[in-house]
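Numbering (the working numbering) for the sequence shown: 7 to 481. Heads up, the beta-carbon is just placed ideally off N, CA and C, and yes, glycines get one too. Every value quoted in this text rests on a predicted model; they were computed, and no experiment measured them.
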Amino acid sequence: MRLYNTLTRSEEEFAPSQDNIVRMYTCGLTVYARGHIGNFRTFVATDVLRRALRHQAGCEVRQVMNFTDVDDRTILESQKAGVPLREYTGRYIDAFRRDAAALGLEPVEENPRATDDENITAMGRTIAALEERGHTYRSDGSIYFKISTLPDYGKLARLDHAGMKSGARIDSDRYEKEDARDFVLWKATKPGEPTWDPGIGAGRPGWHIECSAMALRLLGEPPIDIHAGGVDLIFPHHENEIAQSEGATGRPFSRFWVHVEHLMIEDEGKAAEKMSKSLGNVYNLQDVVDRGFRPSALRYLYLGVHYRKQLRFSWTAMAQAEEALKRLTDFLARLDTVPGRAANPVVAERLAEATRGFAGHIDDDLNTAAALGVIFDLVRALNSTIDAGEMGTDDARAVRETFERFDKVLGVLALRRGEDERPPVPVEEIEHLIAARRAARLARNFAEADRIRQDLDTRGILLEDTGSTTRWKRK
Ligand code: AMP
Ligand code: ZN
Numbered sequence: 007m008r009l010y011n012t013l014t015r016s017e018e019e020f021a022p023s024q025d026n027i028v029r030m031y032t033c034g035l036t037v038y039a040r041g042h043i044g045n046f047r048t049f050v051a052t053d054v055l056r057r058a059l060r061h062q063a064g065c066e067v068r069q070v071m072n073f074t075d076v077d078d079r080t081i082l083e084s085q086k087a088g089v090p091l092r093e094y095t096g097r098y099i100d101a102f103r104r105d106a107a108a109l110g111l112e113p114v115e116e117n118p119r120a121t122d123d124e125n126i127t128a129m130g131r132t133i134a135a136l137e138e139r140g141h142t143y144r145s146d147g148s149i150y151f152k153i154s155t156l157p158d159y160g161k162l163a164r165l166d167h168a169g170m171k172s173g174a175r176i177d178s179d180r181y182e183k184e185d186a187r188d189f190v191l192w193k194a195t196k197p198g199e200p201t202w203d204p205g206i207g208a209g210r211p212g213w214h215i216e217c218s219a220m221a222l223r224l225l226g227e228p229p230i231d232i233h234a235g236g237v238d239l240i241f242p243h244h245e246n247e248i249a250q251s252e253g254a255t256g257r258p259f260s261r262f263w264v265h266v267e268h269l270m271i272e273d274e275g276k277a278a279e280k281m282s283k284s285l286g287n288v289y290n291l292q293d294v295v296d297r298g299f300r301p302s303a304l305r306y307l308y309l310g311v312h313y314r315k316q317l318r319f320s321w322t323a324m325a326q327a328e329e330a331l332k333r334l335t336d337f338l339a340r341l342d343t344v345p346g347r348a349a350n351p352v353v354a355e356r357l358a359e360a361t362r363g364f365a366g367h368i369d370d371d372l373n374t375a376a377a378l379g380v381i382f383d384l385v386r387a388l389n390s391t392i393d394a395g396e397m398g399t400d401d402a403r404a405v406r407e408t409f410e411r412f413d414k415v416l417g418v419l420a421l422r423r424g425e426d427e428r429p430p431v432p433v434e435e436i437e438h439l440i441a442a443r444r445a446a447r448l449a450r451n452f453a454e455a456d457r458i459r460q461d462l463d464t465r466g467i468l469l470e471d472t473g474s475t476t477r478w479k480r481k
């Protein structure tokens, strides 16, 4: 499989370095808010990478995706809410897990939280190693990474060394390229902030050290095989992760760096801008569902654009994604109608050709957009075969099996099937509402009873009253 490596700015042939096991780290969500559909573009893209490595390249994958549950933003928001940090971030971790499942993300092997004891200990170890190797200095109770001690600092983001201010420091977790400075590893304790002391003095971690420490702790001897995230992480986050990990171990950190382009949003009359919480232009999965779309349609939308191109999100694009996905599921349903008949060798040929085409596009730096193009060409051709009465049940089975193989990588058809099998409203909620409606009727509050029936109706659930019992069914 060829993968674009940000480190070398070129597509390279990828294979894991040891035992056919891909050791991969993905920067996870900063859990100060529910993840938005921009975040999930990156997570779905890395899920497709994981699936392609497992189901197409035949590798085993050991993947770590962390939760950043302590940093400037999580602390600030938990303080605003007046909720202890770990409890506050726990809510968004739960929401992430639900959204991830709804979008068909394969569970990864490890989901560490930065504030887990063993991770804080690992951060202390990494920082101590950096101190020992002369890469740090202390100031006002904080510990900084001295970038001038690492001659190749800036190699990932290709920084211009002339612009770097040696000796100047930066404390915030997120900053711009122009501010390439000595960055903070461990922040001095501040009143009202959580604090730990893993043997290096009391304080709390900077964002960057968290990922270095978790990756080194959970993925074995560096270099790991792949490190991934959105393009906004190239600088400073990934640059600093490299500095910390390579400074502490004296070994290269990751062989491949994979970066996913942004999901952009167009506001009326304005140029498209990056979807981001700080710009206040975000939608989350619930917003998408509230507009009447299913998570599978969003996943399909993501797949329709190569991961290294910006994706322009709009509700029109969502509607088109839904329509395209429906064309695929309609085709699969049509296969059930073909009559029994001897197998047609032309169908087998078509399937073999499409299988080659699909695999070729996925191998070409995960070109899911082109891979979907192959599937649609196949659907067109096979619809004509069915029209001509030239497809039999054995052919139909082979077609279904081929689509199942494609879907191991894409993860969208099985997701839609799962949605079809589940009612659009959780059963407990339906039962609760039926009870509330019965109570409203007994109280002769017919307006309320009607409102409940109407509400369920618009959400795809029909109520049928027979005598004193009420049954529900999907519309
Ligand atoms: P954060 O929670 O900010 O640490 O981001 C979690 C992941 O989402 C990171 O890999 C980011 O690069 C990625 N991300 C953030 N905004 C977007 C966006 N608009 N489009 C795609 N990926 C994004
Ligand atoms: Zn990270």
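- A contact is defined here as three or more CB-CB pairs under 8 Å, and the region 132-148 fails this definition with respect to the region 79-96.
- Selection Arg447, Leu109 and Ile440 evaluated against leucine 462 yields Ile440 as nearest (Cα-Cα).
- Here DSSP, grouped into helix, strand and coil, assigns glycine 235 to strand.
- When C-alpha distances from valine 266 are compared across Arg180, His214 and Thr52, the shortest belongs to Thr52.
- Less than 9 Å separates the beta-carbon of phenylalanine 262 from that of histidine 233.
- A straight line joining the alpha-carbon of proline 211 with that of leucine 55 spans about 30 Å.
- At a Cβ-Cβ threshold of 9 Å, valine 352 and glutamate 396 count as neighbours.
- A distance of 9 Å or more separates the beta carbons of threonine 408 and threonine 374.
- For the pair of segments examined, the region 313-321 was found to touch the region 270-282: the number of CB pairs separated by less than 8 Å reaches three.
- The three-state reading of DSSP puts isoleucine 206 in coil, since its state is none of H, G, I, E or B.
- Short of 7 Å from the beta carbon of valine 67, and not among the five residues preceding or following it, lie these beta carbons of its own chain, in chain order: Val28, Met30, Arg56, Leu59 and Arg60.
- Taken atom to atom, the span from the alpha-carbon of serine 23 to that of threonine 12 is near 18 Å.
- Taken from the Cβ of threonine 36, at least one heavy atom of the ligand AMP lies inside 8 Å.
- Within the region 420-455, the runs of alpha helix (DSSP H) that reach at least 4 residues and sit entirely inside it are, in chain order, 433-448.
- DSSP places aspartate 471 in no alpha helix (DSSP H) but in the uninterrupted beta strand (DSSP E) bounded by 467-472.
- Looking at the DSSP output, proline 211 sits in a beta bridge with Trp192.
- Look at asparagine 26 here: in three-state DSSP terms it is coil, with no helix or strand label.
- For arginine 144, the enclosing beta strand (DSSP E) has its first and last residue at 142-145.
- The region 144-157 makes contact with the region 190-199, as at least three CB pairs between them are under 8 Å.
- For glutamate 407, the uninterrupted alpha helix (DSSP H) segment begins and ends at 399-416.
- Look at arginine 477 here: in three-state DSSP terms it is strand.
- Judged by DSSP in its simplified three-state form, aspartate 77 adopts coil rather than helix or strand.
- The Cβ atoms of valine 415 and leucine 331 lie no closer than 9 Å to each other.
- In the DSSP assignment, leucine 269 falls within the beta strand (DSSP E) that extends over 269-271.
- Using a Cβ distance threshold of 9 Å, glutamate 425 and serine 260 do not count as a contacting pair.
- DSSP places asparagine 246 within a helical segment (H, G or I) once states are collapsed to three.
- For the pair isoleucine 368 and alanine 21, the Cα-to-Cα distance works out to about 15 Å.
- About 7 Å separates the beta carbons of threonine 476 and arginine 444, which is inside the 8 Å limit, making them a contact pair.
- In this structure, the straight-line span from the alpha carbon of phenylalanine 452 to that of alanine 442 is close to 12 Å.
- Pairing isoleucine 436 with alanine 446 gives a Cβ-Cβ distance that is not under 9 Å.
- The three-state secondary structure of arginine 305, taken from DSSP, is helix.
- If you ignore the 5 residues before and after glycine 466, its C-beta comes within less than 8 Å of the C-beta of Pro429, Pro430, Val431, Arg480 and Lys481, all in its own chain and listed in chain order.
- Taken from the Cβ of methionine 281, at least one heavy atom of the ligand AMP lies inside 8 Å.
- Look at methionine 30: its beta carbon is at least 8 Å from all of the heavy atoms in the ligand AMP.
- Going by C-alpha positions, alanine 254 is about 6 Å away from threonine 132.
- The region 329-349 makes no contact with the region 76-83; the number of CB pairs closer than 8 Å stays below 3.
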